[in-house]
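A quick write-up on the structure given underneath.
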Amino acid sequence: MALLPLLQVRDLKKYYPIKKSPLSRTKVFAKAVDGISFDIFRGETFGLVGESGCGKTTAAKAILRLEKATAGSVIFDGIDIMQLDKAAMRQVRRELQVVFQDPYSSLNPRMTVEDIVAEPLIVHKAAKGKELAGKVAELLDIVGLSRNSGERYPHEFSGGQRQRIGLARALALQPKLIILDEPVSALDVSIQSQIINLLEDLQQQFKLTYLFIAHDLSVVNHISDRVAVMYLGKLAEIASGEELFSNPQHPYTQALLSSVPLPDPAAKREKIILPGNVPSPVNPPWGCRFHTRCPYKMDICTQKEPALNAVGDSHFVACHLTGSN
Amino acid sequence: MALLEVNNLKTHFHTAKGIVPAVDGVDFSVSQGETLGLVGESGCGKSVTALSIMGLVPSPPGKVTGKILFDGRDVLSLSEKEMRRLRGNEMAMIFQEPMSALNPVLTIGEQIAEAIRLHQDIEGRDLEERTIDMMQLVGISMPEKRFRDYPHQLSGGMRQRVLIAMALSCNPKLLFADEPSTALDVTIQAQILELLKQLRTDIDTAIVLISHDLGVIAEMADRVIVMYAGKFVEEASVNDLFHNPLHPYTEGLLLSVPRLDKPVKRLRPITGSVPDLLDLPAGCSFHPRCSYAKDICRQQSPILKSLGAGRRVSCWLR
Numbered sequence: 004m005a006l007l008p009l010l011q012v013r014d015l016k017k018y019y020p021i022k023k024s025p026l027s028r029t030k031v032f033a034k035a036v037d038g039i040s041f042d043i044f045r046g047e048t049f050g051l052v053g054e055s056g057c058g059k060t061t062a063a064k065a066i067l068r069l070e071k072a073t074a075g076s077v078i079f080d081g082i083d084i085m086q087l088d089k090a091a092m093r094q095v096r097r098e099l100q101v102v103f104q105d106p107y108s109s110l111n112p113r114m115t116v117e118d119i120v121a122e123p124l125i126v127h128k129a130a131k132g133k134e135l136a137g138k139v140a141e142l143l144d145i146v147g148l149s150r151n152s153g154e155r156y157p158h159e160f161s162g163g164q165r166q167r168i169g170l171a172r173a174l175a176l177q178p179k180l181i182i183l184d185e186p187v188s189a190l191d192v193s194i195q196s197q198i199i200n201l202l203e204d205l206q207q208q209f210k211l212t213y214l215f216i217a218h219d220l221s222v223v224n225h226i227s228d229r230v231a232v233m234y235l236g237k238l239a240e241i242a243s244g245e246e247l248f249s250n251p252q253h254p255y256t257q258a259l260l261s262s263v264p265l266p267d268p269a270a271k272r273e274k275i276i277l278p279g280n281v282p283s284p285v286n287p288p289w290g291c292r293f294h295t296r297c298p299y300k301m302d303i304c305t306q307k308e309p310a311l312n313a314v315g316d317s318h319f320v321a322c323h324l325t326g327s328n
Numbered sequence: 028m029a030l031l032e033v034n035n036l037k038t039h040f041h042t043a044k045g046i047v048p049a050v051d052g053v054d055f056s057v058s059q060g061e062t063l064g065l066v067g068e069s070g071c072g073k074s075v076t077a078l079s080i081m082g083l084v085p086s087p088p089g090k091v092t093g094k095i096l097f098d099g100r101d102v103l104s105l106s107e108k109e110m111r112r113l114r115g116n117e118m119a120m121i122f123q124e125p126m127s128a129l130n131p132v133l134t135i136g137e138q139i140a141e142a143i144r145l146h147q148d149i150e151g152r153d154l155e156e157r158t159i160d161m162m163q164l165v166g167i168s169m170p171e172k173r174f175r176d177y178p179h180q181l182s183g184g185m186r187q188r189v190l191i192a193m194a195l196s197c198n199p200k201l202l203f204a205d206e207p208s209t210a211l212d213v214t215i216q217a218q219i220l221e222l223l224k225q226l227r228t229d230i231d232t233a234i235v236l237i238s239h240d241l242g243v244i245a246e247m248a249d250r251v252i253v254m255y256a257g258k259f260v261e262e263a264s265v266n267d268l269f270h271n272p273l274h275p276y277t278e279g280l281l282l283s284v285p286r287l288d289k290p291v292k293r294l295r296p297i298t299g300s301v302p303d304l305l306d307l308p309a310g311c312s313f314h315p316r317c318s319y320a321k322d323i324c325r326q327q328s329p330i331l332k333s334l335g336a337g338r339r340v341s342c343w344l345r
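So the protein sequences, as listed, match chains C and X.
Taking our numbering, the leading residue of the first sequence gets 4, the next gets one more, and so forth.
Taking our numbering, the leading residue of the second sequence gets 28, the next gets one more, and so forth.
Now the structure itself:
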């Protein structure tokens, strides 16, 4: 791991202002992402898991600068992209692509598949004329779509095929990093695995790096080299996939893992049922954000926020139970 | 005698493009107190099966035929009035998306009370007490206060609890749970599944659990039916199904999902995609995706054979 990471996220924050009442002047913020830091190395798949509202998609949008980050830096391939102007950022976007969850709403229904895949190439003046047509055909082939699908419209395709179209578009400019935001959660089980395998093949073939965002732990475990667990705008734990799933240290990770129903009726497990709901990011709990639901809550947890500390070989946990304070 | 007996149930939708056989001749029964899992991918007909039995298929375009015996009564011959008495009272249903199943302009207390008032002869103070009891039963904290909350003030998990309270308020004999935890987060899903398990033992309701999630089915069901393109392809006890699947589709589903308990290097997907119900392949509907397909599979549709011990499979290989 001596190599420079492809993506370095440092203390990234994204706060959304919320108006309390039209007359109130005090500003209140929803702290969707509240200071997260991590590295993604070249060629790896970095999984980001967490429940809805934990800030994982907001983090992705802030990294892509689709949302203006409140604070923090994002260093992509050695360049701090938070400081770039629009034109320079557009150049970076060639190498930094994204695929969204919903293949139904992320494709323009009035464009043919050919046009959808060609658009990034045209926008970035990467190809035209015969070369463009050839590239588009090649891309469709790579993602496993038939040649004649280029003339058709998105509604003529099934969910899995639409996700393939989204991938072809993301691949068009030969990116280094692709952010995959819940890329398989809208798909049926049998189609999910086809897309997961395709993602693995593409990664090999084009030496891609993935930031894989999902709520499904089984999928994240399968595809990721390293995984970060997010809770209420903060990272709770980071470790290699194997380590995280066999030796979870944070009580939240433990509860998450134990909650996943296993497709084995003989599986005997003690489920950790967390009480209550995820608190609001507007007024997150003091100290450790998880203390309101944590079965091991101590006094310190309500007062002091735990830092992300190393507990093993590239295994980090933000918890007072394991903290080396 | 079984609580519910379904014979040759067909639900066909007559559309401009032709007849869609959403459910195409299924037979099954549900006994009192048991949990039957119904698995399959979207569009396989699992929800339509439940809606047909509940009398909730709009007609036209839907046309439901066959025989449905619920507690000895022939459901399809009941008048709409009789059906309304049955529905919500003796059989109830909870849906995947709790927000769209609730009325946004009524408090949750009013909505639960309405479900009780429609079927039981209680009013006023008694009704409110019964409502609060139900809210307590499904684990809604501070029910006296929450009584006056509107659906938008509740989280997804709490909304699902409200729907469960409404569904169970009249002690139904049969509950259809259509993807009850799919829209919820994992930790909230665990709470809701735990609640359903506990209620199952407390009130002895039979549950038909519809899910695409094999994990949820393995955890909850006693018996499982696998559906594909409007037909049943396999039925077995939960242990048999997961440890010894006989239909290639069941086997394919089990192999294609990534598992926390058994990680693999590479997933084994089922190739292709679900067929269009308007244009089903000849023979066995699954044959274009089946790696064991033989000539007969392409020509003739297999029948659901009984193999004894509650096991049925529809495959030429068996």
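All C-beta atoms in this analysis are idealised placements derived from N, C-alpha and C, irrespective of residue type, glycine included.
Distance between C:Ile168 and C:Pro112 (C-alpha atoms, nearest Å):
Counting from one through the first sequence, the residue named residue 112 of chain C turns up at place 109. Counting from one through the first sequence, the residue named residue 168 of chain C turns up at place 165. One C-alpha to the other measures close to 12 Å.
What are the complete beta strand (DSSP E) segments, minimum 3 residues, inside the stretch 132–219 of chain C?
180–184, 212–217
By the three-class DSSP mapping on this structure, what secondary structure does X:Tyr319 have?
Taking the second sequence and counting its residues from 1, the one referred to as residue 319 of chain X is at position 292. It is coil, neither helix nor strand.
On the three-state DSSP scale, how would you describe C:Ile275?
As a first step, residue 275 of chain C must be located in the first sequence, where it is residue number 272. Looking at C:Ile275 - three-state DSSP - the assignment turns out to be coil, as it is neither helix nor strand.
Taking only beta-carbon atoms, is X:Thr42 less than 8 Å away from chain C?
Walking along the second sequence from the start, residue 42 of chain X turns up at place 15. Cβ-Cβ to chain C under 8 Å: no for X:Thr42.
Under 7 Å, CB to CB, which of the residues in the stretch 51–77 of chain C have a partner in chain X?
Glu54, Ser55
C:Ser261 and C:Lys274: beta carbons closer than 8 Å?
Stepping through the first sequence from its first residue, residue 261 of chain C is reached at position 258. Stepping through the first sequence from its first residue, residue 274 of chain C is reached at position 271. Taking 8 Å as the cut-off, the Cβ atoms of C:Ser261 and C:Lys274 count as close.
Using a Cβ-Cβ cutoff of less than 6 Å, which residues in the same chain neighbour X:Val75 once the five nearest sequence positions on both sides are dropped?
For the purposes of this step, residue 75 of chain X is taken as the residue at position 48 of the second sequence. Cβ neighbours of X:Val75 beyond the five flanking positions: Thr38, Ala49, Val50.
Could you give the uninterrupted runs of the beta strand (DSSP E) lying entirely in the stretch 37–121 of chain X, keeping only those of 3 residues or more?
45–57, 62–66, 89–97, 118–121
By the 10 Å Cβ neighbour count, where 16 or more other Cβ atoms means buried, how is X:His270 classified, buried or exposed?
In the second sequence, counting from the first residue as 1, residue 270 of chain X sits at position 243. It counts as exposed.
Quick check on DSSP: helix, strand or coil for C:Asn328?
Position 325 of the first sequence holds residue 328 of chain C. The predicted position of C:Asn328 is uncertain, since its pLDDT is 44 and thus under 50; no value can be drawn from it.
Contact set between the stretch 37–69 of chain X and chain C, restricted to residues whose Cβ is under 8 Å from the partner:
Under the 8 Å Cβ criterion, the stretch 37–69 of chain X contributes Glu68, Ser69.
Counting only beta-carbon separations shorter than 8 Å, does C:Gln166 have a partner in chain X?
As a first step, residue 166 of chain C is located in the first sequence; it is residue number 163 there, counting from the start. For C:Gln166, the answer is no, since every Cβ of chain X falls outside 8 Å of its Cβ.
Please work out which residues of its chain come closer than 7 Å, Cβ to Cβ, to X:His314, disregarding the five sequence neighbours upstream and downstream, and give them in chain order.
Position 287 of the second sequence holds residue 314 of chain X. Around X:His314: Pro308, Ala320, Cys324, Arg325.
Which residue comes first and which comes last in the beta strand (DSSP E) that contains C:Pro20?
For the purposes of this step, residue 20 of chain C is taken as residue 17 along the first sequence, with counting starting at 1. Taken as a continuous stretch (DSSP letters only), the beta strand (DSSP E) holding C:Pro20 covers 10–21.
May I have the straight-line CA-CA distance separating C:Val12 from C:Leu211, to the nearest angstrom?
Stepping through the first sequence from its first residue, residue 12 of chain C is reached at position 9. Stepping through the first sequence from its first residue, residue 211 of chain C is reached at position 208. Roughly 18 Å between the two C-alpha positions.
Determine the burial state of X:Gly151: buried for a count of at least 16 other Cβ atoms within 10 Å of its Cβ, exposed for fewer.
Translated into the one-based positions of the second sequence, residue 151 of chain X becomes position 124. Note on X:Gly151: under 16 other CB atoms within 10 angstroms of its CB, so exposed under the neighbour-count rule.
Closest to C:Tyr156 by CA distance: which of C:Met114, C:Val320, C:Val120, C:Gly147 is it?
One-based indexing of the first sequence puts residue 156 of chain C at position 153. Minimum Cα distance to C:Tyr156 is reached at C:Met114.
Can you tell which of C:Leu51, C:Lys71, C:Phe44 has its C-alpha closest to the C-alpha of C:Phe80?
As a first step, residue 80 of chain C must be located in the first sequence, where it is residue number 77. Note that residue 80 of chain C is Asp in the sequence shown here, rather than Phe. The shortest C-alpha separation from C:Asp80 is found at C:Phe44.
Spatial neighbours of X:Glu171 in its chain, beta-carbon cut-off 8 Å, leaving aside the 5 residues before and after:
Stepping through the second sequence from its first residue, residue 171 of chain X is reached at position 144. Closer than 8 Å at the Cβ level, and outside the excluded window around X:Glu171, lie Ile159.
Is it true that the stretch 119–126 of chain X meets the stretch 180–191 of chain X, where meeting means three or more beta-carbon pairs spaced less than 8 Å apart?
yes
Proximity test, Cβ basis, 8 Å: C:Gln86 and chain X:
Taking the first sequence and counting its residues from 1, one reaches residue 86 of chain C at position 83. Answer no: the Cβ-Cβ gap between C:Gln86 and chain X never drops below 8 Å.
C:Lys282 versus X:Glu206 - alpha carbon distance
Working through the first sequence from its first residue, we reach residue 282 of chain C at position 279. Working through the second sequence from its first residue, we reach residue 206 of chain X at position 179. Looking at the sequence provided, one finds Pro at residue 282 of chain C rather than Lys. C:Pro282 and X:Glu206 have their alpha carbons spaced roughly 25 Å apart.
At what residues does the beta strand (DSSP E) containing C:Val77 begin and finish?
To locate residue 77 of chain C, count along the first sequence from 1; it is residue 74. Unbroken beta strand (DSSP E) run through C:Val77: 74–79.
Validate contact between the stretch 76–90 of chain X and the stretch 28–44 of chain X using beta carbons, cut 8 Å, 3 pairs
Between the stretch 76–90 of chain X and the stretch 28–44 of chain X, the count of Cβ pairs shorter than 8 Å is three or higher; the stretches touch.
Since C:Ile276 meets chain X, which of its residues come closer than 9 Å, beta carbon to beta carbon?
For this step, residue 276 of chain C is matched to residue 273 along the first sequence. Thr214, Ala217, Gln218, Glu221, listed in chain order.
Is the Cβ-Cβ distance between C:Val36 and C:Val223 less than 8 Å?
Locating residue 36 of chain C in the first sequence gives position 33, counting from the first residue. Locating residue 223 of chain C in the first sequence gives position 220, counting from the first residue. No. Outside cutoff.
Determine, using beta carbons only, whether C:Leu214 and C:Ile241 come nearer to each other than 8 Å.
Within the first sequence, numbered from 1, the residue matching residue 214 of chain C stands at position 211. Within the first sequence, numbered from 1, the residue matching residue 241 of chain C stands at position 238. Contact flag unset, no.
Simplified DSSP state of X:Leu226, which is helix, strand or coil
Start at 1 with the first residue of the second sequence, and residue 226 of chain X comes out as number 199. The answer is helix: DSSP assigns X:Leu226 an H, G or I state.
Candidates C:Phe319, C:Val314, C:Val320, C:Leu324: closest to C:Thr305 by CA position:
Start at 1 with the first residue of the first sequence, and residue 305 of chain C comes out as number 302. Comparing Cα-Cα distances from C:Thr305 to each of C:Phe319, C:Val314, C:Val320, C:Leu324, the minimum goes to C:Leu324.
For X:Arg338, the first and last residue of its enclosing beta strand (DSSP E)
Counted from its first residue, the second sequence places residue 338 of chain X at position 311. Note, X:Arg338: beta strand (DSSP E), 338–340.
Going by beta carbon distance, what residues of the same chain come within less than 7 Å of C:Glu117, once the five residues before and after it are set aside?
Start at 1 with the first residue of the first sequence, and residue 117 of chain C comes out as number 114. Correct list, in chain order: Val139, Gly153, Glu154.
Contact set for C:Glu246: own chain, Cβ-Cβ below 6 Å, skip 5 residues either direction:
Taking the first residue of the first sequence as position 1, residue 246 of chain C is located at position 243. Taken in chain order, the residues that qualify are His318.
Is the CB-CB distance between C:Pro266 and X:Gly52 below 8 Å?
What you label residue 266 of chain C is simply residue 263 of the first sequence in a count that begins at 1. What you label residue 52 of chain X is simply residue 25 of the second sequence in a count that begins at 1. Cβ atoms of C:Pro266 and X:Gly52: not closer than 8 Å.
Could you check whether X:Met254 and X:Pro65 sit closer than 8 Å to each other, using their CB atoms as the reference points?
For the purposes of this step, residue 65 of chain X is identified with residue 38 of the second sequence, where counting begins at 1. For the purposes of this step, residue 254 of chain X is identified with residue 227 of the second sequence, where counting begins at 1. The question names Pro, yet the displayed sequence has Leu at residue 65 of chain X. Yes, the Cβ-Cβ distance between X:Leu65 and X:Met254 is below 8 Å.
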